[in-house]
Ligand SMILES: Cc1cc2nc3c(=O)[nH]c(=O)nc-3n(C[C@H](O)[C@H](O)[C@H](O)COP(=O)(O)OP(=O)(O)OC[C@H]3O[C@@H](n4cnc5c(N)ncnc54)[C@H](O)[C@@H]3O)c2cc1C
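Residue numbers (this note's numbering), protein chains in the order written: chain V, 35 to 515; chain R, 26 to 365.
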């Protein structure tokens, strides 16, 4: 980008909302995938949808790459800046524009924090179902871009299942409005196509979210097992019973150790795995289902089963689970998270193979995952300062992804492809299929200026700065062309 | 044009698409208005059957021409179902036609519609390539979500060959209640603690049909409390099958799906319609001219499934991106435009 273009861009923003000094840019250089770091040319901080539209149109006119950014918690490098491009930071578009309890919906700006939607809706007995573990910081805009998930996807689906309407400025500068208050649409499902675009189509400006009545009652059971396999079998038994739990989660020994250290969670001793199953609904329904669940769990031979006796105990169970990510971070200087999916019936096999792969590579892997939908979350622990460990970790991550695809699953259940997994997209899709996706991308963004370098294998605009070879590049996991 | 091509495999489907400059896929013809265009017809009847069904995964994969009834039966055998109440099952509607038409039923209210249960598609694009998008597992975020886009796309962007769906365990019992108050109590009932499965108003009725699902013991207790709040009674005969099959629509009359929101249901007042899913969509039968006017005024839209009415009613926005996406998937205009 030339100095003249930068100057004109600066002129569009009031002072303080255009950042270009290195110390100002530092905070935006990476996202939740901390191994990557790219310094953008500038960061702009719009406060209104009109400003965002003007910025995107400017970028279009100048062929200037831009990366939309919510809270920068992407675990796949989705919000990593682009060399020579700008970052559009959307945190100040954080108004809940409308809360409509009668129709059970909220219209929000993209910078609204996920948890704030539920916090606002709660007084009406409503909630916003998608609950990524990062929900207290991540934004709805980021959730929409990544079709984020959470612990309750088995019953409630992902972000896309809760998006009713989207107003967006596309990378061409066109402003579109799709859907609205109705839960149904007429004609193709544009909101469905836009959700999960990973920032490659444009910037969402206003999102209509469906809210659901808060479940009146929960029954949450935590059960400890001697082996991971037993915990996996218990999941199969719950599924086979015909119950539809709101969540089914598993944590392995290393994840448990981490949660104990970080938030003083307490688990049955001597367990290699802990299973969490949660039922929810009207109290009469939960009371009836709970009996069946308790029988199934008892029959699965746990070391111990602990039903939460009150809301506080339930919160404690979830606190342990949701803190597991960052907790594992404390066990090790560095870690990488994968989120591949395998068919549920092959969970046991997948975990065994991950264990074998880990042993072979000499690295520790912690597993915390959404067992109900086969969505693994292996956390690969390593020390970036030990020469070769990052490469080993990346190689191991790649093996795990390939295993997921081989088993008939997916390379990502909810974190998106981003920068990190872009070279694995061809493991899932044929060249024709990737070509089809590229054509779609080009329809929304013919210039390739919206978050270039992400999702598609290597070929697009280079995204990494020449600070020497990035360790991931040395590992052959990412490359620039 | 009376030509009908009858492929019996995905490969033959590719050939069929490539063989002629303008094609449209047809299923069982239960929503004939959608394919009433100048084009060679590809009958999907020969692409039939469930390819994979694994109850423990909550997923199945079936060819596009598979009748919904065949799927419902296979699922029921294993205690599972598609919770959105697929329509026109007895009439022989196919899975592919249902997706392309974007027609969900009353059960859409609780867990979502077609768009929320379709996981993956195999389709032939306008250049005659057989492509797979989405996945076969219940959770997948890799690549763009074209499977959702195909819901309601009317065969104008590609021919569906095969689809993978998520399914749910079927609740042990269902109970239908008739509640006084009809549209007046829509939002109260929808927001209540009871977690209704469906909230509908049948044509010509003013009462609400509310369906509760769950363990039998719980439903009894719940219904007592419900009646204390909204007077009504248990419906012993099944009202849903007749609605599902559109038995209330006169032969030859038009049938239009309208996406509405609970706050705008007054738009449909006095019209012959089945208001469904807590006031989120309606099937309307009758004179299209007036409906069109009312929808325009209210900012709503509809699509004609049967009869001679125009394909689209009410407001219609066709942003430039719609054409660009059409070009991306169908650069040679092999399929009719959306507005045909
Ligand atoms: C500790 C931790 C736990 C996590 N747990 C989960 C989990 O359980 N489930 C899960 O799914 N994810 C999880 N994540 C990943 C992450 O939080 C999600 O991907 C989240 O949606 C990102 O939101 P964000 O606001 O941080 O977006 P960012 O990281 O800022 O951006 C993410 C992507 O969205 C794009 N984007 C942002 N705003 C817009 C917009 N308005 N319009 C268009 N594109 C936009 C960006 O360009 C980027 O590609 C976790 C992350 C962390 C750090």
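Don't be surprised by glycine CBs; every beta carbon is placed ideally from N, CA and C.
The structure displayed is predicted, hence computed values, not measured ones.
Check	Outcome
Residue 335(V), DSSP secondary structure in three states	coil
Under 8 angstroms from the C-beta of residue 457(V): neighbouring residues of chain R	Ordered by position in chain R, no residue passes the 8 angstroms Cβ test against residue 457(V), which lies about 13 angstroms from the chain.
For residue 349(R) and residue 329(R), believed in contact at Cβ under 8 angstroms, the rounded distance	The Cβ separation is near 26 angstroms, so there is no contact.
Rounded C-alpha distance that separates residue 118(R) from residue 112(R)	8 angstroms
Inter-residue Cα distance where the pair is residue 125(V) and residue 326(V)	45 angstroms
Three-state secondary structure assigned by DSSP to residue 250(R)	helix
Beta-carbon contacts of residue 51(V) that lie in its chain and below 6 angstroms, excluding the five residues immediately before and after	79
Distance CB(residue 30(V))-CB(residue 297(V)) smaller than 8 angstroms	Coverage of chain V is limited to positions 35 through 515, which leaves residue 30(V) absent and any answer about it impossible.
Contact list for residue 273(V) against chain R, beta-carbon separation under 7 angstroms	81
Stretch pair the region 277 to 296 of chain R + the region 199 to 206 of chain R: three plus CB contacts closer than 8 angstroms	no
Residue 240(R): contacting residues in chain V (beta-carbon distance under 7 angstroms)	319, 322 and 323
Closer than 9 angstroms at the beta carbon, the chain R residues around residue 48(V)	Ordered by position in chain R, no residue passes the 9 angstroms Cβ test against residue 48(V), which lies about 31 angstroms from the chain.
The beta strand (DSSP E) enclosing residue 100(V), as first and last residue numbers	100 to 103
Supposed contact pair residue 337(V) and residue 258(V) - C-beta distance, whole angstroms, cut 8 angstroms	4 angstroms
Of the residues 311(R), 291(R), 295(R) and 89(R), the one placed nearest residue 305(R), counting alpha carbons only	291(R)
Every unbroken alpha helix (DSSP H) inside the region 104 to 155 of chain V [4 residues or more]	148 to 155
Environment of residue 358(R) [buried if 16+ CB atoms lie within 10 Å]	exposed
Simplified DSSP state of residue 389(V), which is helix, strand or coil	helix
contact_flag[the region 316 to 325 of chain R, the region 443 to 451 of chain V] where n(CB pairs < 8 angstroms) is 3 or more	no
Ligand 1 heavy atom lying under 7 angstroms from the CB of residue 102(V)	yes
Same chain, Cβ closer than 8 angstroms to residue 323(V), neighbours up to 5 away in sequence not counted	253, 277, 313 and 315
Residue 29(V) vs residue 114(V) beta-carbon contact at 8 angstroms	Any question about residue 29(V) goes unanswered here, given that chain V covers just 35 to 515.
Residue interval of the alpha helix (DSSP H) (run including residue 270(V))	262 to 274
Chain-order list of residues whose beta-carbon lies under 8 angstroms from that of residue 159(R) (same chain, five-residue window excluded)	143, 144, 145, 146, 165, 168, 170, 171, 172 and 189
Cβ neighbour criterion (16 or more within 10 Å) applied to residue 212(R)	buried
Under 8 angstroms between C-beta atoms of residue 225(R) and residue 310(R)	no
Proximal residues of chain V, C-beta to C-beta of residue 158(R) below 9 angstroms	463, 467, 470 and 471
Where the alpha helix (DSSP H) containing residue 426(V) begins and where it ends	423 to 440
Integer Cβ distance of residue 147(V) from residue 173(V), believed to fall under 8 angstroms	6 angstroms
Closest by C-alpha distance to residue 156(R), when choosing among 465(V), 186(V) and 344(V)	465(V)
Minimum Cβ-Cβ distance from residue 170(R) to chain V less than 8 angstroms	yes
Distance between beta carbons of residue 138(R) and residue 52(R), contact taken as under 8 angstroms	Not really, about 18 angstroms apart at Cβ, beyond 8 angstroms.
DSSP beta-bridge partners of residue 337(R)	328(R)
Neighbour flag for residue 186(R) against chain V, beta carbons, 8 angstroms	no
Bridge-paired residues (DSSP) for residue 55(R)	Paired residue(s): none; residue 55(R) is not in a bridge.
C-beta atoms of residue 241(V) and residue 406(V) nearer than 8 angstroms	no
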